[in-house]
Amino acid sequence: MSEEDTTAFEVSRAMGRGPALLLCEHASNRIPARYGGLGLHDEDRRSHAAWDPGALALAQRLAEALDAPLVSGTVSRLVYDLNRPPEAASAMPTKTETVDVPGNIGLSDAERAQRTRDIYDPFCAAVTGTVVTRKTLGTPFALITVHSFTPSWFGIQREVEIGILHDEDSHLADFMLEEATRLPGRRIARNDPYGPEDGVTHSLKLHGIANGLPNVMIEVRNDLLADETGIEMIAGELLTLLRPALAGLGLTETGNA
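Taking numbering that gives the first Met the number 0, the leading residue of the sequence shown gets 0, the next gets one more, and so forth.
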């Protein structure tokens, strides 16, 4: 197998010294050749089922503005969802809201373990390595994960535009939500459209809470990220929330942003 076929992550701005470490687990819809496209139609591979459209570009804008390292996944979440533990059925889903995934049906324990070794373990090792590097630099930082969601779910329209999600550690989310009054025209909500009960806070718990890092998961409705103008606008709005929230936790920028 080629290196391109096996690479499961990318690290950018690895030596960034700003007040954050960003993750974008669902950055890519790439399906390595060895998985035979998972038996999916092209339109399914391009759909939100396979990745979070706009999330990587948004995370890149935030990383640049905050001088923050960014670890992003480079394999579709239909092959392995990096925001799920290996034992979760949804780590390698057989069906999503609208898409059946033939290539995930009937996976043996050995096949699941191989995907875990090939995709999940290297990504987690990259995050751990970046955390260690940041701690060695001695500048405090928070963990921020960036996602996008669809405007409707099983036919129900979602009114929320930006979700601020957290697990048991709500400190950073609390500060961000306090700042939401700065964006009176934007519909912002806590643990919406998902929450811990939906299993979406795995990365926050594994890479944030377990490492003693303030943490938050940001979800943006993907119609707001449909083009560069929208991405730039949302990035600016999120920075309006993030900068004072990080400062409220004593996490200050280095001046390189």
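For every residue, glycine included, the Cβ atom is placed at its ideal position computed from N, Cα and C.
Environment of residue i [buried if 16+ CB atoms lie within 10 Å]
{"i": "F148", "result": "buried"}
{"i": "S1", "result": "Here the model assigns S1 a pLDDT of 46, short of 50, so the residue's position is not dependable, and the following value carries that caveat. Exposed, by the Cβ-count rule."}
{"i": "I163", "result": "buried"}
{"i": "V98", "result": "buried"}
{"i": "G17", "result": "buried"}
{"i": "G207", "result": "buried"}
C-alpha gap between residue i and residue j, whole angstroms
{"i": "S89", "j": "S169", "result": "25 Å"}
{"i": "D226", "j": "G53", "result": "8 Å"}
{"i": "H40", "j": "T95", "result": "14 Å"}
{"i": "I118", "j": "A7", "result": "5 Å"}
{"i": "W50", "j": "R242", "result": "27 Å"}
{"i": "N255", "j": "A179", "result": "Note on N255: pLDDT 42, under 50, position unreliable in the model; no value is reported."}
{"i": "G15", "j": "P68", "result": "5 Å"}
{"i": "A141", "j": "V100", "result": "35 Å"}
Which listed residue (the options) has its alpha carbon closest to that of residue i
{"i": "E86", "options": "V74, A112 and H206", "result": "A112"}
{"i": "G36", "options": "R12, P139 and S75", "result": "S75"}
{"i": "T129", "options": "R60, A244 and S71", "result": "S71"}
{"i": "G235", "options": "D43, L65, P139 and S27", "result": "L65"}
{"i": "D197", "options": "D166, R116, Q59 and A172", "result": "D166"}
{"i": "L176", "options": "A48, E110, G154 and R189", "result": "R189"}
{"i": "I104", "options": "H25, G249 and Y34", "result": "Y34"}
{"i": "P183", "options": "T251, I161, S202 and K204", "result": "I161"}
Contact under 8 Å by Cβ, residue i with residue j
{"i": "M216", "j": "T144", "result": "yes"}
{"i": "D108", "j": "V159", "result": "no"}
{"i": "L224", "j": "L57", "result": "yes"}
Just to confirm the assignment: which complete beta strand (DSSP E) runs, minimum length 3, are found wholly within the segment 160 to 185? 161 to 164, all fully within the segment 160 to 185.
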